[in-house]
Amino acid sequence: MPTSSHQRAWLYFLLFLAIAVNFSGLFVVLLGADGPLYASIARTMVEKGNYVELFSHGTDWLDKPHFPFWATALSFEVFGFTTWAYKLPAILFLLLGVWYAYLLARKLYNEKTAYWAVIILLTAQHIVISNNDVRAEPYLTGLIIGSIYHFYRSYTEKKNWQLILGSLFAACAIMTKGPFAIIPIAGAIGGELLFKKNWQQLFHLRWLIAALLIFLFITPELYCLWYQFDQHPEKLVFGRTGVSGIRFFFWDSQFGRFLNTGPIKGKGDPAFFLHTLIWAFLPWSLVLYMALVRIWQKRWRRSAQHVEWLSLSGAFITLLVFSLSKFQLPHYSNIIFPLLAILLSGYLQQVKLSKEWKAVHVVQTIVITIMVIAPLLLHYFFRPATLSWPALILIFVLIILLVFLPGMGSFPSKTLLFYRTALAALIVNFYLNSIAYPSIMHYQAGSEAAFYSNKKFPHIPVVQLRKDYSYALTFYLHSRVITIDSLQQLEQIPYSSYLLYAPDNETEKLISEKPMPIKKEFDYFPVSMLNGKFINYKTREEELSQFALILMSEPELHAGRSGE
């Protein structure tokens, strides 16, 4: 721990702020396609009372395993279909991962290193983003580091119950993302034993038992896949029949994406995660690369027995495999952030006040300066419509702390730089979650249309086109959503009145032929893919398109038919 109660109090204060910032996006509207899609699938689970099968807008859905949907559905059962009920279990799993990162770092190093690792992890840019734009990664982050911790204790302390817990966590990770979730776990444990030439432990019977336990624990997932797909080869999935859910789980969703032979394809770049980490692990990324270079240099000069290979091999093996994959997304790297945080924290504790430390100081000072300026520039160019005065006051207080921290106590140079770096990250992310994103979400037309419809037309169904399908509309709308392939199918809608949600280029012809009341128009931009023109208020209009919400009624389109 820190050498004084004063420093300890500051550390606890930073830890509290870091946790608070990760909760600050709890009520921000679900953005993009994935979050609302996953929320809609979990909502369907609850509404149907069916926790075995996965459905998306009425059709069988095979892309992801069940575990995150079970966790979300349980939250919906307790708290209702709300934004925060969707995000809460994911954030709690991330915090579980933070706890395990602390425990593992304390085992491998010491308590001060563990606390610094926790703050590094909680302030890493993509961790905070993923607790707002929730997908599978917060679950994976907690489950994978938990599994590594329990497996580590199972062979260092010879405790069988730790092996059972490690296997359970690994199985839940596999039921979250598929068998490739085992890579960082096997990489960490296997690398530690291999590089230290601990052959007795590497080939111990316990790992065979662990494999059997993992297989036993994933049987609920295998049963669900068999029940929904394997016993129904007539179902049309990915445009073909005869699709095996179990084969997709073990092969197509994993090796198929890795080799680019499965139904879901991508384009691979061997350097993708190297440049992704530069922004995803901010404000620690540049010093992380410095640390990794220094760590590798020192590793080859020292006996392998005195090296902490657990974090190093787990992170590097995972990055290597993912870099060779043909299917890559930025959030895939989140699962190794606990290991990177432990590595970096250990390095920062050991670095001496020398030329090396001066380089770290210069780099981090530049990063801190850029991160403090970034929200100011964003605020100037974006001109957010939503302003929260409590949020602005808190951000101002954090900036004051950042500037005047040296005069508030006798901090060592290294500790002061660490605290200032963490504060800079907190300022940026609190601004994003409390001011920027709430304003940005007004340009997600689907959710805005749902909120308007719920308020003005609470019991009227909404029809939308399949090619312009909005999962945000589906999740947030309280009434029924009907999907059609073309406007010609409007004649088949079995309702006396309903709302049509469609882009202006689709509705213009319809309105020109028969004037109908446009109840509301909504600006639209794909908010998960921000660009400079959209951010700049002067050029934003050029990037926007519009969606209309039109009230369609029986006398106009369905003369002679009875409504429901």
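Residues in the sequence shown are numbered from -7 upward in steps of one, following our numbering.
No residue lacks a Cβ here, since even glycine has one placed at the ideal position from N, Cα and C.
Going by Cα to Cα distance, which pick from I432, A65 and P60 is closest to Y516?
Stepping through the sequence shown from its first residue, residue 516 is reached at position 524. The candidate whose alpha carbon is nearest that of Y516 is I432.
Leaving aside the five residues before and after L160 along the sequence, list all residues of the same chain whose C-beta is less than 7 angstroms from its C-beta, in chain order.
As a first step, residue 160 must be located in the sequence shown, where it is residue number 168. Closer than 7 angstroms at the Cβ level, and outside the excluded window around L160, lie F209.
Report buried or exposed for G555, applying the criterion of at least 16 other Cβ atoms within 10 angstroms of its Cβ.
As a first step, residue 555 is located in the sequence shown; it is residue number 563 there, counting from the start. Note that G555 has pLDDT 36, beneath the 50 cutoff, so the model's placement of it is unreliable and the number below is only indicative. Looking at its Cβ environment, which holds fewer than 16 other Cβ atoms inside 10 Å, G555 is exposed.
Whole alpha helix (DSSP H) runs in the stretch 126 to 179 with 4 or more residues, listed along the chain?
Listed in chain order, the complete alpha helix (DSSP H) runs (minimum 4 residues) inside the stretch 126 to 179 are 129 to 148 and 152 to 169.
Measuring only the C-alpha atoms, how far is G552 from P495?
Walking along the sequence shown from the start, residue 552 turns up at place 560. Walking along the sequence shown from the start, residue 495 turns up at place 503. With a pLDDT of 34 at G552, under the threshold of 50, the modelled position of this residue cannot be trusted; read the value that follows with caution. Each residue's alpha carbon lies about 29 angstroms from the other.
Here's the rule: buried if 16 or more other CB atoms are within 10 angstroms of the residue's CB, otherwise exposed. What is M363?
Residue mapping note: residue 363 aligns to position 371 of the sequence shown, counting from 1. M363 is buried by the Cβ-count criterion.
Name the two residues that bound the continuous alpha helix (DSSP H) containing P57.
Taking the first residue of the sequence shown as 1, we reach residue 57 at position 65. P57 -> no alpha helix (DSSP H), and no H or E assigned at all.
DSSP state of S236, grouped into three classes?
Indexing the sequence shown from 1 puts residue 236 at position 244. In this structure, S236 counts as coil in the three-state DSSP scheme.
Starting from T357 and walking both ways along the alpha helix (DSSP H), at which residues does that stretch end?
Counting from 1 along the sequence shown, the entry for residue 357 is found at position 365. Looking at the DSSP string, the run of the alpha helix (DSSP H) that includes T357 is K347 to F374.
Does the beta-carbon of T531 have 16 or more other beta-carbons within 10 angstroms, so that it is buried, or is it exposed?
Residue numbering aside, residue 531 sits at position 539 when the sequence shown is read from its first letter. Exposed, since its Cβ has fewer than 16 Cβ neighbours within 10 Å.
Could you check how far apart the C-beta atoms of L457 and E498 are, in whole angstroms? I think they sit under 8 angstroms.
The count along the sequence shown starts at 1 and reaches residue 457 at position 465. The count along the sequence shown starts at 1 and reaches residue 498 at position 506. So it is a contact: roughly 7 angstroms between Cβ atoms.
Whether or not the stretch 45 to 57 and the stretch 102 to 120 are in contact is what I'm after, with contact meaning three or more pairs of Cβ atoms, one per stretch, closer than 8 angstroms; do they touch?
These segments do not touch.
Three-state secondary structure (DSSP) at L543?
As a first step, residue 543 is located in the sequence shown; it is residue number 551 there, counting from the start. If DSSP states are grouped into helix, strand and coil, L543 belongs with the strands.
How many whole angstroms separate the CB atoms of F373 and Y529, which I take to be in contact at a CB cut-off of 8 angstroms?
Reading the sequence shown from its first residue, position 381 is the one you call residue 373. Reading the sequence shown from its first residue, position 537 is the one you call residue 529. Indeed, because the Cβ distance is near 6 angstroms, the residues count as touching under 8 angstroms.
Pull up the distance between the alpha-carbon of K459 and that of K406, whole angstroms please.
Residue 459 sits at position 467 when you count from the first residue of the sequence shown. Residue 406 sits at position 414 when you count from the first residue of the sequence shown. Rounded to the nearest angstrom, the two C-alpha atoms are 54 angstroms apart.
What residue does the alpha helix (DSSP H) around K188 start on, and which one ends it?
Position 196 of the sequence shown, counting from 1, holds the residue named residue 188. Element bounds for K188: n/a, residue is neither H nor E.
Which residues in the same chain have their Cβ closer than 7 angstroms to the Cβ of S426, if we skip the five residues on either side of it in sequence?
By 1-based counting over the sequence shown, the position of residue 426 is 434. Excluding sequence neighbours, S426 sits near S16, S380 and A383.
Using the C-alpha atoms, what's the distance from V21 back to Y324?
Working through the sequence shown from its first residue, we reach residue 324 at position 332. Working through the sequence shown from its first residue, we reach residue 21 at position 29. The straight-line gap from Cα to Cα measures roughly 22 angstroms.
DSSP three-state label for V343, please.
Here residue 343 corresponds to residue number 351 of the sequence shown, with the count starting at 1. Three-state DSSP puts V343 in coil, outside helix and strand.
Where does I503 sit, in a helix, a strand or coil, going by DSSP?
On the sequence shown, residue 503 is found 511 positions in, with the first residue counted as 1. In this structure, I503 counts as helix in the three-state DSSP scheme.
Quick one, which of Y43, Y435, L95 and V352 has its alpha-carbon nearest L536's?
The residue given as residue 536 occupies position 544 in the sequence shown. Nearest option by C-alpha distance: Y435.
Whole angstroms is fine: what's the gap from L86's alpha carbon to S67's?
For this step, residue 86 is matched to residue 94 along the sequence shown. For this step, residue 67 is matched to residue 75 along the sequence shown. Computed Cα separation, rounded: 16 angstroms.
In the DSSP assignment, find the alpha helix (DSSP H) that holds I510 and state where it starts and stops.
Counted from its first residue, the sequence shown places residue 510 at position 518. No alpha helix (DSSP H) contains I510, which is instead part of the beta strand (DSSP E) from I510 to Y516.
Taking only three categories from DSSP, how would you classify Y4?
As a first step, residue 4 is located in the sequence shown; it is residue number 12 there, counting from the start. Reduced to three states, the DSSP call for Y4 is helix.
Are I328 and L304 close, meaning C-beta to C-beta below 8 angstroms?
Here the question's residue 328 lines up with position 336 in the sequence shown. Here the question's residue 304 lines up with position 312 in the sequence shown. Not closer than 8 angstroms, so no.
Does DSSP put P453 in a helix, a strand or coil?
The sequence position of residue 453 within the sequence shown is 461, counting from 1. Coil, per DSSP.
How would you call M521, buried or exposed, if buried means at least 16 neighbouring beta carbons within 10 angstroms?
If you number the sequence shown from 1, residue 521 lands on position 529. Exposed: under 16 other Cβ atoms inside 10 Å.
So for A12, helix, strand or coil by DSSP?
Locating residue 12 in the sequence shown gives position 20, counting from the first residue. Helix, per DSSP.
Could you tell me the boundaries of the alpha helix (DSSP H) in which F430 lies?
Mapped onto the sequence shown, residue 430 falls at position 438. One point to set straight first is that residue 430 is Pro, not Phe, in the sequence displayed. Unbroken alpha helix (DSSP H) run through P430: Y429 to I432.
Buried or exposed: where does L96 fall if 16 or more other Cβ atoms within 10 Å of its Cβ makes it buried?
Looking up residue 96 in the sequence shown gives position 104. Buried, by the Cβ-count rule.
What's the gap between the Cα of Y215 and the Cα of A165?
Against the sequence shown, residue 215 aligns to sequence position 223. Against the sequence shown, residue 165 aligns to sequence position 173. C-alpha separation (whole angstroms): 17 angstroms.
Per DSSP, Y490 is paired with what?
The sequence position of residue 490 within the sequence shown is 498, counting from 1. DSSP output for Y490 lists M544 as bridge partner(s).
In terms of alpha-carbon separation, which member of A366, T310 and Y463 lies closest to N34?
Within the sequence shown, residue 34 is the residue found at index 42, counting from 1. Sequence check: residue 34 is Ala here, not Asn. When each option's Cα is compared against that of A34, the closest is Y463.
Assign A116 to buried or exposed, taking buried as 16 or more other Cβ atoms, counted over all protein chains shown, within 10 Å of its Cβ.
What you label residue 116 is simply residue 124 of the sequence shown in a count that begins at 1. That one is buried.
What does the alpha-carbon distance come out to for the pair A416 and F422?
To locate residue 416, count along the sequence shown from 1; it is residue 424. To locate residue 422, count along the sequence shown from 1; it is residue 430. A416 and F422: Cα-Cα distance of roughly 10 angstroms.
Is L336 near L274, with beta carbons less than 8 angstroms apart?
As a position in the sequence shown, residue 336 is number 344, starting the count at 1. As a position in the sequence shown, residue 274 is number 282, starting the count at 1. Going by C-beta atoms, L336 is not nearer than 8 angstroms to L274.
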